[in-house]
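Participant: Residues -22 to -1, 1 to 405 in mature numbering (1 follows the signal peptide of the UniProt record, and there is no 0) are what the sequence shown lists, from first letter to last.
Ideal placement from N, C-alpha and C gives every residue a C-beta, glycine not left out.
To start, I am sharing the structure in question, which I have written as structure tokens.
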Amino acid sequence: MNSGKKKWSAALLATAVLAVTAACGSGSDGGSADGKVVLRFSYWGSDARQKMTEEAIKKFEEKNPTIDVEGEFSDFASYYESLSTKVAASDAPDVITLEIRALREYATRGTLADLSSKVNTADVDAKVLATGAIDGKQYAIPTGVNAFSLIVNPALVESSGQKLPDDTSWTWDDYVKLAAGVTSGSGGKVTGTQLSWNPAYLEIFAAQKGEPFYQGNQLGVSPQTITEWWGIMQNLIKDKGAPEAAKSSEIGATSVDQSLLGTNSGAMGMWWSNQLGAVVKASGQNLELLRMPKLAGAATGGMFMQPAMFYSASSKTEHAAEAAKFIDFMINDPEAGAIVLSDRGLPASSKVLAAVRDKLPEADQKTLAFLDEAKGELKDPPAAPPKGASAMEEMLTRYSEEVMFGRMEPADAAQKFIAEANAAIAG
């Protein structure tokens, strides 16, 4: 799950995909004037991602002179709106980039092709690969892996008179205390941490209480657990370890560049591990990855590895073989890996990772070392969530803000959130 996880319209996605049911595909004959096959490839991201992706496309075209690849690029905020519109108009790209939370939405309505035996996945971890499979069909191939983690600026922690935690044993109370200590120790010049309402954070916290995030087509998280999760945030605001509600709401919707960590106005924040490089670039500082804090006595830390994103193919593409060849190249070719590096997560192919690991930037080397160290503690990658899960982040953010602003009591908000979430994912 890449980028800052900005909100996007699940309702629009569902409406567009429902409108098309199984009718998707390229709107043209997929050929060019010179007789070459033309593949359309949709993806989102930053300008830096677009630049490296275009470079990888150029390398593929050199190796496959009868195929042209046209990138259809957008920022994350508009990506799914654009994609769902194209699908609804029977104009789906040949190769489609998706997140895990959108996978079931598209796969179960006939939008995606079964890539089983079409792409070489021999070097992809079986548990990671399984996240792209639904009902026995491999609808998506993982690009790379990451984990939702805590990122810290050691210099800001220490200049505030605080010490970095032992992340193998620290608790949520320790986290609140450290954040408050950074704010007070810096005289308010640096805020301890930034609130996060990412569902991955709640999933980790729930796992520490022995609860799954999803249980079939409903939430497995109890109202009590959600109430306690909000309690951590309320304590952070109360002790000034995080900004007050209005400021937290404002910065919660910003990009990595505008985050507290990215602007060196905060010492900690929760991000996907493959975003470390982007936060380092924005801040210009030496940053480190930490394990998430744990509940005292918890049997598991709750952290998990999951694909940063997937490559999939339209079920109606007129060039299925060429689409599979392009996906295979992006997943398995070391030259593609040397261009993309860890931008789409640490490479899913073990051979590609081995080939590029010495070429990874320092921040990505840290990410690799962190995940290697924590690997034995991580839960298995989650299965694709139910249809409607794409609405979860917007919904969770909305109720979280109601609680932080004091407009709803936590216990009442938890009940209402669960009811609305269950309605969204029931079908």
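#1: How is P388 classed by DSSP in three states: helix, strand or coil?
#2: Is the separation between the beta-carbon of K357 and that of G280 shorter than 8 Å?
#3: Quick one: complete alpha helix (DSSP H) runs, 4+ long, within the stretch 197 to 281?
#4: How would you call G323, buried or exposed, if buried means at least 16 neighbouring beta carbons within 10 angstroms?
#5: When the distance is taken between beta carbons, is E206 closer than 8 Å to F191?
#6: Determine the DSSP secondary structure at V168, reduced to helix, strand or coil.
#7: Would G315 and V330 qualify as a contact pair, given that the criterion is a beta-carbon distance under 8 Å?
#8: Do you know how far the Cα of W250 is from the Cα of A100?
#9: With a threshold of 16 other CB atoms inside 10 Å of the CB of F18, please say whether the residue is buried or exposed.
#10: On a Cα-Cα basis, can you pick out the residue from A26, E379 and T149 that is closest to P221?
#11: Can you tell me the Cα-Cα spacing of A367 and F126, whole angstroms?
#12: Measuring only the C-alpha atoms, how far is Q193 from W175?
#13: Enumerate in chain order the residues of its own chain whose CB-to-CB distance from P388 is below 6 Å, with the five nearest sequence positions on each side excluded.
#14: CB-CB under 8 Å to G247, same chain, minus the five flanking residues each way: which ones, in chain order?
#15: Let me check understanding here. Comparing Cα to Cα, which of A184, D53, T75 and A67 lies closest to M308?
#16: Mind checking Q284: buried by the 16 CB within 10 Å criterion, or exposed?
#17: With DSSP run on the structure shown, which of helix, strand or coil describes Y289?
#18: Select from G114, M211 and H297 the residue whose C-alpha is nearest the C-alpha of A223.
#19: Suppose the cutoff is 6 Å on Cβ atoms and the five residues either side in sequence are ignored; what does the same chain contact list for K(-17) look like?
#20: I need the boundaries of the alpha helix (DSSP H) containing R376, first residue and last residue.
#21: Could you spell out the range, first to last residue, of the alpha helix (DSSP H) harbouring G315?
#22: Could you say which of S20, S24 and K14 lies nearest to D321 if we only look at CA atoms?
#23: Only counting the same chain, and skipping five residues up and downstream in sequence, which positions put a Cβ closer than 6 Å to that of G5?
#24: Does the Cβ of C2 have 16 or more other Cβ atoms within 10 Å, making it buried, or fewer, making it exposed?
#25: May I have a chain-ordered list of the alpha helix (DSSP H) segments no shorter than 4 residues that lie completely inside the stretch 113 to 192?
#26: Find the nearest neighbour of L273 within the set K259, P177, K218 and K187, judged by alpha-carbon distance.
#27: Starting from L81, trace the alpha helix (DSSP H) both ways and give me its first and last residue.
#28: Taking L374 as the reference, give the member of K225, F282, G230 and A118 with the closest Cα.
#29: Taking the C-alpha atoms as reference points, what is the distance between V73 and T149?
#30: When we look at the beta-carbon of R385 and count the other beta-carbons within 10 Å, is it buried (16 or more) or exposed?
#31: Got a sec? Which residues, its chain only, sit under 7 Å from P271 by beta carbon, not counting five neighbours each side?
#32: With a 10 Å radius around its C-beta and 16 neighbouring C-beta atoms as the bar for buried, classify M(-22) as buried or exposed.
#33: Express the C-alpha separation of L254 and L268 in angstroms, rounding to a whole number.
#34: Can you give the Cα-Cα distance for E371 and A399, rounded to whole angstroms?
#35: Please give the ranges of any alpha helix (DSSP H) in the stretch 324 to 354, keeping only runs that are unbroken, at least 4 residues long and fully inside the region.
#36: In the DSSP output, what is K357 paired with across the bridge?
Facilitator: Taking the geometry as given:
#1: helix
#2: yes
#3: 201 to 216, 223 to 230 and 254 to 261
#4: buried
#5: no
#6: coil
#7: yes
#8: 26 Å
#9: Note that residue 18 is Arg in the sequence shown, not Phe. R18 should be labelled buried.
#10: E379
#11: 18 Å
#12: 20 Å
#13: T205, W208 and V381
#14: L128, I129, T171, Q172, S174, S237, L238, L239 and V257
#15: T75
#16: buried
#17: strand
#18: M211
#19: Here the model assigns K(-17) a pLDDT of 39, short of 50, so the residue's position is not dependable, and the following value carries that caveat. Same-chain partners within the cutoff: F54 and A55.
#20: M370 to M382
#21: P312 to V318
#22: S24
#23: Low confidence applies here, because G5 scores a pLDDT of 40, under 50, leaving its location unreliable and the question unanswered by this model.
#24: Interpretation of C2 is limited by its pLDDT of 37, a score under 50 that renders its predicted location unreliable; no figure is taken from the coordinates.
#25: 132 to 137, 150 to 163 and 177 to 186
#26: K187
#27: I78 to A85
#28: G230
#29: 43 Å
#30: exposed
#31: W148, T149, W150, D152 and Y153
#32: With a pLDDT of only 44 at M(-22), under 50, the local geometry of the prediction cannot be trusted, and the value read off the model is given with reservation. By the 10 Å Cβ count, M(-22) comes out buried.
#33: 11 Å
#34: 10 Å
#35: 328 to 334 and 340 to 352
#36: F282
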